[in-house]
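Have a look at the structure below, then the notes.
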Amino acid sequence: MKKLFVFIILAWVTLACTTLGCTSTALADDLKKAASIASYGTRFQAERIKIAAENIANESSTAALPGGDPYRRKVLFAENRYSKRLGTHVIRTKKIGFDKSAFITKYDPHHPAADSEGMVKYPNINRIIERADASEAQRGYEANLSVIEMTNSLRQKTIEAMGR
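So the sequence shown is numbered by our numbering: it starts at 307 and just counts up by one.
Below, the structure written as structure tokens:
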């Protein structure tokens, strides 16, 4: 299936270049640009995976002091920014913020982090949401990585075709 997809992309690019009269240099530049755009995607998805992993790792942490606040769930904010170098928009991390939803509280008067009423605050993290986000980010990462691999393959095939 992957070979068929690469063949279709190569045929499409070759047809476009034949029709538009682009040079091999222009084709190589376009493939390099596609790989660069996909690399922005891989970096963004890797950051999403990292944030989800941090949240999962801290889901049961409590405050260091009785009645204090525990770890607060981190969230990633994305932006679609124009890249002058690439001449197109790319996805980037705008900022890493914090989820402002309420902490989870449980009654456990013997816990070291319990407040005066015996309540312990736990992070506002839902493991199911974090795992789903990590899984989605992983699929996005793999898709972008496939684009990079395909563009590298197409560049190599173009070089081989020029040598014939």
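Beta carbons are placed, not taken as given, at the ideal position from N, Cα and C, and that holds for glycine.
Exposure of residue i, with buried meaning 16 or more beta-carbon neighbours within 10 Å
i       : result
Phe-404 : exposed
Ile-357 : buried
Ala-449 : exposed
Ala-370 : exposed
Arg-445 : exposed
Gly-393 : exposed
Arg-354 : buried
Integer Cβ distance of residue i from residue j, believed to fall under 8 Å
i       : j       : result
Arg-378 : Pro-429 : 7 Å
Ala-341 : Thr-457 : 4 Å
Rounded C-alpha distance that separates residue i from residue j
i       : j       : result
Lys-426 : Asn-364 : First, the residue type needs correcting, since residue 426 is Val and not Lys in the sequence shown. If you take the alpha carbons of Val-426 and Asn-364, they lie about 15 Å apart.
Gly-424 : Asn-432 : 23 Å
Ala-420 : Leu-337 : 58 Å
Ala-440 : Met-468 : 42 Å
Lys-463 : Ala-344 : 19 Å
Gly-347 : Ser-389 : 13 Å
Glu-385 : Ala-443 : 16 Å
Arg-461 : Ala-438 : 35 Å
Arg-391 : Ile-465 : 24 Å
Closest residue to residue i among the options (Cα-Cα distance)
i       : options                            : result
Lys-406 : Glu-442, Asp-375, Ser-459, Leu-337 : Asp-375
Tyr-412 : Thr-399, Ile-434, Tyr-388, Thr-368 : With the sequence shown as reference, residue 412 is identified as Lys, and Tyr is not the correct amino acid for it. Taking only the C-alpha atoms, the option nearest Lys-412 is Thr-368.
Chain B contact for residue i (CB, 7 Å cutoff)
i       : result
Lys-463 : Absent from the structure: chain B. Only one protein chain is present.
Continuous alpha helix (DSSP H) stretch holding residue i: start and end
i       : result
Ala-369 : First-last for Ala-369: undefined, no H or E at that position.
Lys-463 : 433-468
Limits of the beta strand (DSSP E) - the one that residue i falls within
i       : result
Gly-254 : Outside the shown range of the chain (307 to 470) lies residue 254, about which nothing can therefore be said.
Glu-385 : 380-389
Tyr-413 : 410-413
Tyr-428 : 425-428
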